[in-house]
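Peer 1: Going by the numbering used here, the letters in the sequence shown line up with residues 164 to 211, in that order.
Note that the Cβ used here is the ideal one computed from N, Cα and C, for glycine as well.
Right, I'll just put the structure down here and ask away after.
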Amino acid sequence: MIGHVGLTGRAFGPLLHLEYYESGVAPGDSANASDPVAFLRSLGVEAG
164 MIGHVGLTGR
174 AFGPLLHLEY
184 YESGVAPGDS
194 ANASDPVAFL
204 RSLGVEAG
């Protein structure tokens, strides 16, 4: 699965939250997440 669309917390409509964690970084803490847009662009994906 790449993502899960949901409606939790202070959201006013469905949203998709994407976090990217580099190899060796434990997922779960947003402060340790890398920029997913930069990662996707490095793969040739139009993002942003």
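1. DSSP on SER197, reduced to helix/strand/coil?
2. For LEU203, does the three-state DSSP call read helix, strand or coil?
3. Pick from TYR183, LEU170, HIS167 and SER193: whose alpha carbon is nearest that of ARG204?
4. Sorted by chain position, which residues of the same chain lie with C-beta nearer than 7 Å to HIS180's C-beta, five sequence neighbours on each side aside?
5. Residue ranges of each beta strand (DSSP E) run of no fewer than 3 residues wholly in the segment 171-195, ordered along the chain?
Peer 2: Walking through what the data contain:
1. strand
2. helix
3. TYR183
4. none
5. none
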